[in-house]
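Structure first, then comments.
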Ligand SMILES: Cc1cc2nc3c(=O)[nH]c(=O)nc-3n(C[C@H](O)[C@H](O)[C@H](O)COP(=O)(O)O)c2cc1C
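Residue numbers (this note's numbering): 20 to 229.
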């Protein structure tokens, strides 16, 4: 089969939005207005979920002290100290959303323990869909966001007063805001690193069989 020449993504379409999204690590102090934030949160409800259980809850953090605790749980101070981060990429964001898999909602529909009825932990996978929707919606509205998956679960659970019985699992820390303008040389360098490392479609896609 001849390989079709890829078309340029349509300006303003989903393809161009997906290509524009980056994990952004520096935010302006500029706040997110309440209406825009609520639109982003509403957009993220329109994703699929297992049996339409909608088993993802969002903790939306604006409180500086809670943001600081989340940042510490994700080792922001250490990254800054070692020069591996250039800015307070969590504590410096105007809003930090923590999408949480709600295992109790899944179990209310399918029975407990969830492992018996679920081939995979769908409550976490559903939280992943919600996370990406939040991030894409933010970019679509001219903001930026990132997905931070590496953190100390217990510290995050404590910072957010999550139930301690394992029924609510924080999936990610999603800082959100207006992106700090990086120097164009640095932005170009990061863009080309990601482009160079992106797997080629011919290696990723298996037609008909593996
Ligand atoms: C499941 C998952 C976990 C991630 N965890 C982290 C993390 O802990 N820290 C971080 O800086 N970036 C994290 N990232 C962001 C990725 O490193 C980033 O998406 C990847 O390098 C590609 O860059 P891009 O998002 O700018 O295209 C995570 C992304 C995903 C999907």
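By construction, the Cβ of each residue, glycine as well, lies at the ideal position given by its N, Cα and C atoms.
All values reported here derive from a predicted model rather than from experimental measurement.
| query | Between which two residues does the beta strand (DSSP E) harbouring residue 77 extend? | reply | 75 to 80
| For ligand 1, residues whose Cβ lies under 6 Å from any non-hydrogen atom | 41, 42, 166, 167, 168, 169, 213
| query | When the Cα atoms are used, what is the spatial distance from residue 106 to residue 115? | reply | 15 Å
| query | Among the residues of its own chain, which have a CB less than 7 Å from the CB of residue 146, if the five just before and after it don't count? | reply | 75, 118, 119, 120, 190
| Residues that DSSP places opposite residue 59 in a beta bridge | Residue 59 pairs with nothing; no bridge assigned.
| Cβ-based neighbour list, residue 27, same chain, cut-off 8 Å, excluding 5 preceding and 5 following | none
| request: Compute the Euclidean distance between the alpha carbons of residue 197 and residue 48, then round it to the nearest angstrom. | output: 8 Å
| Span separating the alpha-carbon of residue 66 from that of residue 208 | 33 Å
| task | Would you kindly work out how many angstroms separate the C-alpha atoms of residue 152 and residue 63, rounded to a whole number? | result | 5 Å
| request: Please report how far the alpha carbon of residue 238 lies from the alpha carbon of residue 111, in whole angstroms. | output: One cannot answer for residue 238 here, as it falls past the ends of the chain, which runs 20 to 229.
| From 90, 70, 171, 85, residue whose alpha carbon lies closest to that of residue 125 | Distances from the CA of residue 125 to each of 90, 70, 171, 85 were compared; the closest alpha carbon is that of 70.
| query | Which of helix, strand or coil does DSSP assign to residue 132? | reply | coil
| query | In chain order, what residues of the same chain lie with their CB nearer than 6 Å to the CB of residue 141, ignoring the 5 residues before and after it? | reply | 69
| field | Candidates 166, 136, 31, of which the one nearest residue 148 by Cα | value | 166
| request: With DSSP as the reference, label residue 194 as helix, strand or coil. | output: strand
| task | Would you list the one or two residues that DSSP bridges to residue 118? | result | 77
| Residues that residue 213 bridges to, as DSSP identifies them | Secondary-structure assignment with DSSP links residue 213 through no beta bridge to anything.
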